[in-house]
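Q:
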Amino acid sequence: MALLILQVLEGQKKELGVQHPDTLTSLNNLAVVLQDQEKYDEAEELHRKALKGSEEELGMQHPDTLQSVKNLILVLQYQGKDVEVEKLKRRLLEVT
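Going by the working numbering, the sequence shown opens with residue 39, and the numbers climb by one from there.
Right, dumping it as structure tokens:
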């Protein structure tokens with residue numbers, strides 16, 4: 039599954055660009071798959087990239103950006119990074 043998403047992601051980067059919303063969605067999807075495989079460090083890195091891109095391209099209040107924040111919170115919780123989790127939760131509350 040991860041390999042297929044990675045192939046789609048690479049194609050989207052070439053055709054649509056790194057910051058295109060569809061590319062960012064695929065990046066987020068790959069991060070979720072890695073998270074499900076308990077590859078938390080890799081998942082965290084991709085979730086951060088997806089969040090940064092979504093925030094820049096779509097704005098913080100866009101549903102895709104908010105989902106990226108939630109996904110990052112989840113992977114950080116799995117890693118026991120509670121301080122950062124609380125910061126992100128506060129950030130979510132400010133936006134919603």
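Glycine included, each C-beta is placed from N, C-alpha and C at the ideal position.
Taking residue 70 as part of the alpha helix (DSSP H), name the residues at either end of that continuous run.
A: Start and end: 59-74.
Q: Run the proximity test for residue 133: is its beta-carbon closer than 6 Å to any non-hydrogen atom belonging to the ligand PLP?
A: Although the ligand PLP was asked about, the structure shown includes no ligands whatsoever.
Q: Give a yes or no on whether the C-beta atoms belonging to residue 106 and residue 67 are separated by under 7 Å.
A: No, the pair does not count as a contact, with Cβ atoms beyond the cut-off.
Q: Determine the burial state of residue 116: buried for a count of at least 16 other Cβ atoms within 10 Å of its Cβ, exposed for fewer.
A: Answer is exposed; the Cβ neighbour count stays below 16.
Q: Thinking C-alpha only, which one of 102, 109, 114 is nearest residue 79?
A: Minimum Cα distance to residue 79 is reached at 114.
Q: How many Å lie between residue 53 and residue 62 at the Cα?
A: Computed Cα separation, rounded: 13 Å.
Q: Identify every run of the alpha helix (DSSP H) within the region 71-121, keeping only runs that are complete inside it and at least 4 residues long; order them along the chain.
A: Listed in chain order, the complete alpha helix (DSSP H) runs (minimum 4 residues) inside the region 71-121 are 78-96, 101-116.
Q: Inspect the beta-carbon positions of residue 70 and residue 40 and report whether they are closer than 7 Å.
A: Cβ atoms of residue 70 and residue 40: not closer than 7 Å.
Q: Taking the straight line between their C-alpha atoms, what separation do you get for residue 42 and residue 48?
A: In a straight line, the C-alpha of residue 42 is about 10 Å away from that of residue 48.
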